[in-house]
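Protein chains in written order, with this note's numbering: chain F, 26 to 214; chain P, 217 to 401.
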């Protein structure tokens, strides 16, 4: 039995039922991975980052400014986080302040681990509007990528396998011949 | 083998993450003196050595106060033997109706170990201000309700304010944090 070149062996392999299914899964998962990566790239959020500590400083005199209807400088009305971030509120004012679940005595710092994605509207004592929006978003992690691949890969592979059987049907004699040849080869080895 | 396991534990061990809002660095809890449900004087600084879970509420509260006290009762149950190192303190926001006797009757329905504190409005107002507590009676009529802050404060064994919680925090999470504080962290 002579040595057959690689493309020929691949063709023989692709003309068996299991060969076709394996190839369909390889192509399906590769396509899914490529498409999901492109989608992640297109939809990538500029706020996506490695979890970090985000500091918010309440300046001295904030309570007086709020009482006068003025917003303290350098405090945004909304903030965007990713799951895993820690919000650190530093109170430089002479009275205690509150931001939702965070209560900070004067001169102290309080932190809150943001471990759940959600859009929060928190009661807030250092903005004239009396509320602050905290948008906590999910991060795109390796786990997210793997989930996307595992969810979309199998149906994509199954569709490719079905299409391949419809468009390039196996020739019974060739398929049987290949199977017989494989069987003989395995017996010889 | 043991050294490898130990090294892996050291490398991969994550520092404990508290569930409430963590006050950093720990700030000395403003001290105060009030009267408990038995008419005995109560000073916060005398509780050093125990962890204090403090809540501001009132005995005729229809919703958040009984729910929070039930939650704090569950925290003590979750703590098991460690519960002895924890004191649950209710400071009234309704001194007009919450007499010592009223507090005693009310708290005995939850846990006789709970401490209820009352005093004159002037005494209490200083405590409210120190802890950033909002308290208001919108309509003073029979059966009135009191608007108030519903936050749980945690004061560690050294008398420092360490954590605050919203009342929707799970009792198991609070108990976990208290256990961490009992380790001296």
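All C-beta atoms in this analysis are idealised placements derived from N, C-alpha and C, irrespective of residue type, glycine included. Given the structure is predicted, the values throughout are model-derived calculations rather than measurements.
| message | Please state whether the Cβ-Cβ distance between residue 394 of chain P and residue 298 of chain P is less than 9 Å. | response | Taking 9 Å as the Cβ cut-off, residue 394 of chain P and residue 298 of chain P qualify as a contacting pair.
| request: Answer yes if the region 248-257 of chain P comes into contact with the region 276-284 of chain P, meaning at least three C-beta pairs across the two stretches below 8 Å, and no otherwise. | output: no
| If you draw a straight line from the alpha carbon of residue 336 of chain P to that of residue 307 of chain P, how long is it in whole angstroms? | 12 Å
| If we ignore side chains and look at the alpha-carbon of each, how far apart do residue 99 of chain F and residue 328 of chain P end up? | So the two alpha carbons sit approximately 49 Å from each other.
| said: Among F:132, F:144 and F:175, whose alpha-carbon lies nearest the alpha-carbon of residue 239 of chain P? | reply: The residue with the shortest Cα to Cα distance from residue 239 of chain P is F:132.
| field | Chain-order list of residues whose beta-carbon lies under 6 Å from that of residue 231 of chain P (same chain, five-residue window excluded) | value | none
| According to a CB-to-CB cut-off of less than 8 Å, which residues of the region 342-357 of chain P neighbour chain F? | Along the region 342-357 of chain P, going in chain order, the ones with a CB nearer than 8 Å to a CB of chain F are 347 and 348.
| query | Counting pairs of beta carbons, one from the region 335-354 of chain P and one from the region 385-394 of chain P, are three or more of them closer than 8 Å? | reply | no
| Are the region 264-274 of chain P and the region 156-163 of chain F in contact at 8 Å, needing three or more beta carbon pairs? | no
| task | Round the Cβ separation of residue 301 of chain P and residue 130 of chain F to the nearest angstrom and send it over; I've been treating them as touching at under 8 Å. | result | Not confirmed; about 24 Å, so no contact.
| Where does residue 372 of chain P land, buried or exposed, given buried means 16+ other C-beta within 10 angstroms? | buried
| residue 376 of chain P - partner residues in DSSP beta bridges | P:244
| Should residue 273 of chain P go down as buried or exposed, given a rule of 16 or more other Cβ atoms within 10 Å for buried? | Here residue 273 of chain P is buried. Its C-beta has 16 or more other C-beta atoms within 10 Å.
| message | For the alpha helix (DSSP H) containing residue 179 of chain F, name the first residue and the last one. | response | 167-192
| Assuming residue 64 of chain F and residue 189 of chain F make a contact with CB atoms under 8 Å, what is their CB distance in whole Å? | The Cβ separation is near 25 Å, so there is no contact.
| message | Quick check: the Cα distance between residue 26 of chain F and residue 52 of chain F, rounded to an integer number of angstroms? | response | Low local confidence applies: a pLDDT of 45 at residue 26 of chain F is under 50, so the model's placement there is unreliable, with the coordinate-based value given in what follows. Near 31 Å, if we compare the C-alpha coordinates of residue 52 of chain F and residue 26 of chain F.
| request: Please list the segments of the beta strand (DSSP E) lying wholly inside the region 312-342 of chain P, counting only runs of 3 or more residues, in order along the chain. | output: 331-334
| message | Using 9 Å as the threshold, is the C-beta distance between residue 135 of chain F and residue 114 of chain F below it? | response | yes
| query | Cβ of residue 141 of chain F less than 9 Å from any chain P Cβ? | reply | Residue-level contact check: residue 141 of chain F does not touch chain P, since none of the beta carbons of chain P fall below 9 Å from its beta carbon.
| request: Using the Cα positions of residue 123 of chain F and residue 149 of chain F, report the straight-line distance between them to the nearest angstrom. | output: 6 Å
| query | Whose CA, out of F:34, F:170, F:143 and F:110, lies closest to the CA of residue 60 of chain F? | reply | F:170
| Would you report the Cα separation of residue 144 of chain F and residue 137 of chain F, rounded to the nearest angstrom? | 15 Å
| task | Kindly say whether residue 77 of chain F, judged by its beta-carbon, lies nearer than 9 Å to any beta-carbon of chain P. | result | Output row for residue 77 of chain F: interface = no.
| Residue range of the alpha helix (DSSP H) that includes residue 82 of chain F | Counting along the chain, residue 82 of chain F falls outside any alpha helix (DSSP H), though it belongs to the beta strand (DSSP E) covering 78-83.
| field | Neighbourhood of residue 291 of chain P by C-beta distance below 6 Å, restricted to the same chain and skipping five residues each side | value | 387, 390 and 391, listed in sequence order.
| query | Secondary structure at residue 281 of chain P, three-state DSSP: helix, strand or coil? | reply | Three-state result, residue 281 of chain P: helix.
| query | What in chain F is Cβ-close to residue 239 of chain P, meaning under 9 Å? | reply | 128, 129, 130, 133, 134, 135 and 136
| field | the ligand SAH heavy atom lying under 8 Å from the CB of residue 103 of chain F | value | Ligands are entirely absent from the displayed structure, and the ligand SAH is therefore not among its contents.
| field | is_contact[residue 86 of chain F, chain P] using C-beta, thresh 9 Å | value | no
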